[in-house]
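For the protein sequence lines, the chains are A and B, in the order given.
The opening position of the first sequence corresponds to residue 102 in our numbering, with each subsequent residue numbered one higher.
The opening position of the second sequence corresponds to residue 102 in our numbering, with each subsequent residue numbered one higher.
2 protein chains.
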Amino acid sequence: MKNLLGGKGSNLCEMTKLGLPVPKGFVISTQACINFFDSNDFPEGLEQELNDSLMQLEKQTKKQFSGENPLLVSVRSGARTSMPGMMDTVLNLGLNEKTIKSMIEKTKNERFVLDSYRRFIQMFSNVVLNLEHDKFEEILEKEKQNTETTKDCDLTAESLKKIIKEYKNLVEQETKNTFPEEPKQQLILAVKAVFNSWNNKRAITYRKLNKIPDSWGTGVVIQEMVFGNLGETSGTGVCFTRNPSNGIKKLYGEFLLNAQGEDVVAGIRTPRIIAELNEVMPEVFEEFKSVCEKLEKHYKDMQDTEFTIEDKKLFLLQTRNGKRTGQAAVRIAVELVEEKLISKQEALLRINPLDLNQLLHKRIDPKQKLNEIALGLNASPGAASGRMFFDANTAEKESEKGNVILVRHETSPEDIHGMIASKGILTCRGGNTSHAAVVARGMGKPCVVGCEEIKIDYSTKTLKVEGTELNQGDFISIDGTTGKVFLGEIKLIEPEPYKFFSTILEWSDEIKTLGVRTNADTPKDAKKAVELGAKGIGLCRTEHMFFDAKRLPIVQKMILSSSFDERKKHLDELEKMQRKDFEEIFEAMDGFPVTIRLIDPPLHEFLPSKEKLLREINRLKRKRDLNNSDVLEEIAVKKALLIKIKELHEVNPMLGFRGCRIGIVYPEIIEMQTRAIAEAALNLKNKGLSPKPEIMIPLVGIAKELELSRKKVEKVLSDLIPENNIPIGTMIELPRAALTADEIAEHADFFSFGTNDLTQTTFGFSRDDVEGKFFNKYFEEKIFSVSPFVSVDISGVGKLMEIAVGHAKKAKENIKLGICGEHGGDPASIEFCHSLGLSYVSCSPFRVPIARLAAAQAKIKEKK
Amino acid sequence: MKNLLGGKGSNLCEMTKLGLPVPKGFVISTQACINFFDSNDFPEGLEQELNDSLMQLEKQTKKQFSGENPLLVSVRSGARTSMPGMMDTVLNLGLNEKTIKSMIEKTKNERFVLDSYRRFIQMFSNVVLNLEHDKFEEILEKEKQNTETTKDCDLTAESLKKIIKEYKNLVEQETKNTFPEEPKQQLILAVKAVFNSWNNKRAITYRKLNKIPDSWGTGVVIQEMVFGNLGETSGTGVCFTRNPSNGIKKLYGEFLLNAQGEDVVAGIRTPRIIAELNEVMPEVFEEFKSVCEKLEKHYKDMQDTEFTIEDKKLFLLQTRNGKRTGQAAVRIAVELVEEKLISKQEALLRINPLDLNQLLHKRIDPKQKLNEIALGLNASPGAASGRMFFDANTAEKESEKGNVILVRHETSPEDIHGMIASKGILTCRGGNTSHAAVVARGMGKPCVVGCEEIKIDYSTKTLKVEGTELNQGDFISIDGTTGKVFLGEIKLIEPEPYKFFSTILEWSDEIKTLGVRTNADTPKDAKKAVELGAKGIGLCRTEHMFFDAKRLPIVQKMILSSSFDERKKHLDELEKMQRKDFEEIFEAMDGFPVTIRLIDPPLHEFLPSKEKLLREINRLKRKRDLNNSDVLEEIAVKKALLIKIKELHEVNPMLGFRGCRIGIVYPEIIEMQTRAIAEAALNLKNKGLSPKPEIMIPLVGIAKELELSRKKVEKVLSDLIPENNIPIGTMIELPRAALTADEIAEHADFFSFGTNDLTQTTFGFSRDDVEGKFFNKYFEEKIFSVSPFVSVDISGVGKLMEIAVGHAKKAKENIKLGICGEHGGDPASIEFCHSLGLSYVSCSPFRVPIARLAAAQAKIKEKK
């Protein structure tokens with residue numbers, strides 16, 4: 102029907118068929134439009150049909166064109182697909198010198214009728230007669246000046262009469278014809294004009310942009326005009342069939358008596374809540390309630406409606422599925438199932454998984470005015486508000502007195518205590534994989550990074566943004582879900598446990614086939630993830646354990662060791678600590694698999710920065726110059742450290758000495774880690790628990806790398822665990838790993854796609870250097886619409902994943918395949934992973950519910 | 102025949118068939134060996150056959166087993182494929198108490214015969230009787246001590262007799278049997294032992310490693326022993342049929358009278374040149390000459406032979422194709438064609454293209470002792486020798502007094518004048534794409550980079566390596582072809598124009614179908630490349646023009662501009678300079694295509710380093726502290742610059758704001774470059790020349806990037822050149838570009854594979870951080886045998902190239918495809934590019950001849 106009648110026309114017919122009170126009318130088909138273009142004229146018989154339909158409409162409405170109870174109509178375009186605002190519309194058609202008199206009599210509102218007539222002439226002249234809009238505006242403007250009036254609605258009936266006369270003169274002058282009085286003539290001209298508007302410049306451009314064929318043509322919808330402003334028995338309003346902010350099943354809307362749609366929107370008068378309609382017009386209210394029920398039954402969803410009451414008669418002008426908050430979406434979906442309107446599958450498809458974030462994190466109370474001052478990257482969801490401080494120590498101290506936000510250029514492992522003490526973190530550099538972003542996500546703390554508009558001066562303890570300067574201790578707020586930064590303190594809404602949420606997730610688990618694990622490095626994260634439904638850890642990054650303040654010095658000594666024995670000594674110390682970490686994590690994840698990635702980052706990440714050390718050396722040198730202090734030895738030590746750091750310095754650390762490369766050059770490091778894993782597992786087993794470790798070798802690009810690393814790991818395992826069955830696998834995070842996945846699979850029990858790094862290398866994008874920087878330009882230029890770091894780039898990165906999956910399964914049919922990049926928590930990427938046939942996705946704890954729902958949606962869509 | 106008789110056996114038969122004087126003998130087939138293992142015993146009939154063959158051998162040699170003119174034989178293994186040293190051999194078989202007497206009589210050399218007998222017993226006992234070698238050595242050692250002798254050859258006949266007796270006692274004691282006297286018995290035991298040696302541990306391991314099937318078995322070669330030490334009418338020697346160092350067709354070898362093979366090798370006596378054999382034994386010499394001719398005719402190549410003369414009778418012991426220098430290889434190949442022994446195609450296949458380097462660059466005179474002190478990366482071929490200096494200014498000044506080598510941690514654009522003044526460049530950091538490497542190759546100057554063993558101290562102007570300390574001004578030498586560094590001054594050989602070289606390249610051009618272009622950024626390079634046969638420029642890097650000392654300040658101002666207008670002003674200045682550059686390059690390449698790559702490197706590469714600036718600021722601060730100098734303003738300026746540099750700082754510049762990304766954010770930069778190209782082309786056209794520019798957009802990963810960039814470039818071109826037909830293309834240097842090459846091809850007239858960056862991203866290897874660092878470990882662990890930056894990694898990077906070529910040709914059949922990475926000069930990679938169907942390869946000027954030959958070889962191999 103849509104193809105023949107256009108979207109608007111068919112929707113109108115649908116509502117009419119349901120017996121809903123919509124303004125009466127009829128539709129001219131798109132075929133008529135196509136014929137019109139073919140023959141360059143009104144197709145044969147169309148005029149007759151138009152007359153017949155019109156006669157029927159007159160009968161139905163008990164109104165007549167040019168009659169005493171005059172029929173006025175709207176003439177609108179309506180293509181198969183909505184093309185909002187692209188084509189033309191004529192309203193109030195049917196007005197002329199005769200009918201306005203009848204209207205005035207009927208409405209007792211001369212001004213209203215004259216204003217409608219004035220608008221009709223102007224609109225018709227512009228759309229149908231192709232006269233310039235501006236010339237009419239000139240006349241209007243002149244009259245306003247003459248009468249010292251500023252607003253259109255303040256013009257008197259007298260003025261309007263004068264204007265109407267001048268409008269008609271203008272039409273006569275320009276067209277050498279009088280303005281058409283006869284409504285039928287008006288109608289035929291209007292229909293032709295709407296047909297022709299299919300080929301106006303706007304519409305052609307829009308079609309090109311949206312790939313809509315030029316051949317479709319438009320339908321024309323002709324509908325009786327209805328008026329809510331015909332007195333105190335008329336009115337207009339908007340109403341949701343359920344509460345869009347919490348989902349409770351109760352009408353939620355407002356109305357105004359004696360008013361038109363514009364009046365509600367303009368906000369000049371205060372509308373009344375919908376329940377009060379019961380007091381004013383109880384029958385209409387009852388009818389409206391029953392209409393809403395019908396609508397919900399038909400559309401099987403909460404509706405957002407517009408209605409008009411013309412002299413106690415209800416007309417539905419529009420209905421559509423209503424927008425809603427995450428909380429409402431969840432409740433409505435569950436209750437529609439309970440009401441047997443939709444199936445569980447349909448219910449799950451109704452919810453945008455990302456909206457679940459609103460149920461998991463603090464969010465900004467929408468009932469307040471916000472002063473947005475900057476936009477950064479949304480690194481970790483949730484909102485936070487507090488006084489800002491620029492260093493970890495002060496932030497920690499001040500946090501005793503109230504909520505604190507830590508604001509820095511970028512964070513480093515030395516800032517951890519400040520991050521723990523803060524409610525949220527804001528940085529002006531770094532991307533979604535920066536230290537701040539990764540740690541904040543792990544902590545479940547709101548975080549905005551890469552907010553380059555903000556300029557911090559550590560020395561003066563001030564922050565400049567958009568010309569205003571803020572001081573340490575001033576209030577600031579961030580929304581990690583959107584990346585927005587606000588001035589001042591704002592009110593937040595706490596997330597609450599919510600039964601409908603649990604129901605949705607239970608249903609998701611019933612349906613989904615894709616497993617959901619979590620990325621967690623600490624027992625706390627692991628526990629949280631289990632709570633949120635994770636069935637294992639897909640990525641446990643061991644190096645984050647190295648960043649602990651007590652361990653970092655040992656790690657540094659290990660790195661700076663100049664001999665194997667020295668390195669071994671420090672590794673032994675670390676082993677004890679790692680073993681304890683693993684024991685705690687295995688315990689939190691008891692019975693579920695825990696994939697532990699061996700050391701991955703470049704070693705220099707664990708050392709102080711060159712700049713910092715240089716600054717310290719220079720400070721010492723100046724001290725020596727000024728006070729002749731004895732700092733020579735101190736300088737020498739620092740200089741030696743500096744030399745080591747320079748040796749380890751890398752131009753492109755992302756592509757340098759990291760991942761499995763470290764274990765190949767220093768096998769003792771991964772041997773230590775393997776030992777810690779094996780012993781932790783043994784200890785727990787002895788306690789009666791069921792630890793299930795899996796060992797993952799990172800950054801493999803060549804099969805031989807995995808073969809060698811695996812040998813080292815297996816040797817340690819078989820020495821410690823006689824019946825060793827710990828799976829050993831690798832990440833697929835380099836293009837070459839994907840391309841040679843068959844060779845690599847021979848040495849792997851499982852693969853886990855590291856789509857963060859895979860995206861970086863496939864595109865040649867360093868997240869740290871692109872996200873906060875030229876990506877905005879790329880969005881602006883429509884080079885992409887969503888960051889490939891948020892949603893898997895299916896045509897590039899996805900292609901590699903597809904190649905890898907194909908190769909891997911060919912080489913080893915039962916190889917386990919997962920994903921542990923951040924894409925593991927993105928619904929579109931989850932759908933893609935499901936279609937690839939992966940076994941599981943792994944994401945940060947707070948993304949687990951999102952992933953569960955998205956996985957279920959993927960399964961449902963696949964069936965369809 | 103090889104399968105049945107083994108390699109050695111069939112070769113022996115081949116030489117015999119040619120009528121060459123080889124020691125007479127026969128072969129036991131590999132099939133016999135297989136049967137031996139199957140039946141666990143000597144196969145039926147083999148003993149009889151052995152007897153028959155032996156009888157025939159006795160007839161042929163006129164010697165008899167156990168006779169007065171005793172026949173001695175060697176018994177050797179010989180599998181299908183050479184397995185050098187893996188299986189066993191018995192020499193001098195046939196000696197016993199009786200035959201030694203005859204031998205002594207015949208040779209008049211008792212000591213020699215007794216020593217041979219002693220050796221035979223020891224060898225036979227070890228190989229055949231499985232007795233431990235050490236026990237025999239003990240006996241030998243004791244006798245040497247008793248007689249106060251140090252060398253074996255100084256033992257007297259008396260001592261040898263004593264030893265032989267003790268050896269035999271030992272055998273009897275260990276085996277409970279006397280040492281076998283009967284030669285036939287000796288022979289059967291020896292043949293079984295050689296069979297069995299197929300399954301010794303060494304041989305099994307070797308087969309596993311080299312994937313040789315265990316089922317093949319070995320042949321056994323039994324050959325008459327010949328002796329060159331039977332007096333002054335006997336002798337031995339080695340000889341090349343042509344001179345292996347210059348290829349001149351004249352016997353080149355040496356011989357010793359009354360000597361065995363070992364004596365020539367041992368170097369105790371000075372051998373005589375082969376021509377002198379004519380004086381001593383003219384008939385033998387004539388025979389030898391004719392043998393050499395026959396060998397060359399048969400093997401169609403220069404031969405490296407070993408021969409023995411036993412009592413005026415010539416025996417050929419071995420012949421193989423002789424190793425030779427590049428110069429000799431070229432001459433021999435050409436002359437063999439002239440002699441109608443081989444075809445041009447065969448001639449071209451005979452030459453290792455890389456050996457042509459020896460004809461293009463200075464090389465180390467091999468006739469001198471070298472003191473190698475370190476090994477770095479061979480960044481630019483050729484050798485250089487001179488006094489070393491650690492900074493560009495001193496190097497430039499000192500170069501007036503003699504040859505100079507510039508030695509630095511790494512070079513930067515500010516060192517260019519020092520590099521120009523030096524004969525060679527040595528750095529201790531950086532890889533093959535470091536500034537030093539790239540610039541040196543462009544200049545055709547020897548360069549060794551990433552030589553991490555060398556520690557330079559700029560402050561004391563000293564260099565430490567392997568414990569020795571050198572001072573500025575000391576002599577040092579480098580070989581950029583091998584990456585070796587030598588202490589002191591060394592003698593170099595100049596390359597000379599060489600007619601055979603030109604012939605080879607002419608032939609190459611006749612055959613090859615792959616085009617050869619050059620990577621050149623200067624008119625000088627372009628001219629050199631045309632001289633060496635390049636037919637166009639495949640990569641002209643415009644940014645190297647920016648590094649010029651006069652331009653760098655303008656480039657820096659352009660980068661630091663805070664407004665469009667300011668940036669535009671500096672770009673206008675640069676435009677004039679670039680236009681002139683392009684004019685000169687187009688002129689040098691007149692009529693040939695010149696592919697110009699628009700700006701590629703990250704902008705911060707043009708700014709001073711953060712460290713350097715920090716040092717300067719600190720120097721100023723200390724100056725202020727000490728002297729109260731008025732440097733505040735100077736500090737402020739530097740601090741402002743530092744802030745800009747920090748803003749532009751990137752964590753991974755390889756993957757940051759570079760390539761087409763720059764032109765998308767600052768279109769005015771590529772517009773300026775396009776204008777300079779177009780105007781230069783117009784100016785030359787007006788002078789009657791035929792410039793053929795092609796514009797290349799770097800680092801495209803998304804089709805839309807190219808679409809946008811192309812639009813900007815085309816706009817400028819069509820404004821300037823009404824009938825614009827300048828091709829616009831892109832580099833394929835990111836995995837995503839290869840994977841989506843069909844989409845990208847829609848906007849490209851040509852593709853050029855940037856295999857340097859493609860290798861970096863596919864492997865996740867930053868050249869700067871891996872080559873000089875853990876790559877050595879990777880070679881050691883056999884993770885790869887050749888660096889993927891030297892030869893295209895066919896299974897990973899090559900796979901992407903294949904995907905890209907397939908996609909590109911499907912989308913645009915006639916798209917031009919080339920390669921401009923450094924692999925364009927690597928023979929194996931050229932063969933791969935040929936097989937992919939690329940149109941051309943592009944390489945540095947001095948690689949052009951190598952590429953021409955390699956391209957011809959690829960074509961010839963393909964036909965086969």
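Every residue gets a Cβ at the ideal spot worked out from N, C-alpha and C, and that includes glycine.
For Thr863 (chain A), a Cβ of chain B is located within less than 8 Å of the residue's own Cβ. Annotation for Asp610 (chain A): the continuous alpha helix (DSSP H) segment containing it runs Lys600 to Ile612.
Contacts with chain B at 8 Å (Cβ-Cβ) do not include Lys910 (chain A).
Taking each of B:Asp673, B:Gly802, B:Phe875 and B:Leu937 in turn and checking the Cα distance to Phe758 (chain A), the smallest one comes out for B:Phe875.
Contact with chain A is absent for Gly922 (chain B), since none of that chain's Cβ atoms lies less than 8 Å from the residue's Cβ. Nearest neighbour of Gly692 (chain B) by Cα position, chosen from B:Pro792, B:Lys502, B:Gly107 and B:Thr862, turns out to be B:Pro792. No Cβ-Cβ contact shorter than 8 Å links Leu661 (chain B) with Met773 (chain B).
In the DSSP assignment, Thr696 (chain A) falls within the beta strand (DSSP E) that extends over Pro694 to Arg698. The residues Ala434, in chain order, have a CB closer than 6 Å to that of Arg451 (chain A) in the same chain once the five nearest residues on each side in sequence are set aside. Assignment of beta-bridge partners to Val550 (chain B) by DSSP yields B:Leu478. For Met489 (chain A), the beta-bridge partners assigned by DSSP are A:Ile506. The beta-carbon of Ile443 (chain B) is placed no less than 8 Å from the nearest beta-carbon of chain A.
Near chain B, meaning a CB-to-CB distance below 7 Å, the residues of the stretch 736 to 767 of chain A are Glu751, Val752, Asn753, Pro754, Met755, Leu756, Gly757, Phe758, Arg762, Ile765 and Val766. Cβ-Cβ separation between Gly764 (chain A) and Ile771 (chain A): approximately 4 Å, consistent with a contact (criterion under 8 Å). Neighbours of Lys878 (chain A) in chain B, taken as residues whose beta carbon is under 9 Å from its own, are Arg762, Ile765 and Val766 in chain order.
The Cβ neighbour count for Gln459 (chain B), taken over all protein chains shown within 10 Å, is at least 16; the residue is labelled buried. With contacts defined by Cβ atoms closer than 8 Å, Ile638 (chain A) and Arg618 (chain A) form a contacting pair. If you look at Glu667 (chain A), you'll find it in the alpha helix (DSSP H) that goes Phe665 to Ala689. Going by C-alpha positions, Phe408 (chain A) is about 44 Å away from Glu567 (chain A). Ranked by Cα distance from Ser535 (chain B), the options A:Val123, A:Arg370 and A:Glu751 are led by A:Glu751. In chain order, Ile765 place their CB closer than 7 Å to the CB of Leu809 (chain A), counting only its own chain and leaving out the 5 sequence neighbours on each side. Ser791 (chain A) is outside the set of residues whose beta carbon lies under 8 Å from a beta carbon in chain B. Proximity of Lys900 (chain B) to chain A, defined by a Cβ-Cβ separation below 8 Å, is satisfied.
Listed along chain B are Arg837, Leu840 and Thr841, each with a C-beta nearer than 7 Å to that of Gly897 (chain A). Runs of the alpha helix (DSSP H) spanning 4 or more residues and lying entirely within the stretch 753 to 777 of chain B occur at 761 to 766, in chain order. Segment contact: the stretch 803 to 822 of chain B against the stretch 881 to 892 of chain A, three or more CB-CB distances shorter than 8 Å; contact assigned. 8 Å or more divides the Cβ of Thr495 (chain B) from the Cβ of Glu511 (chain B).
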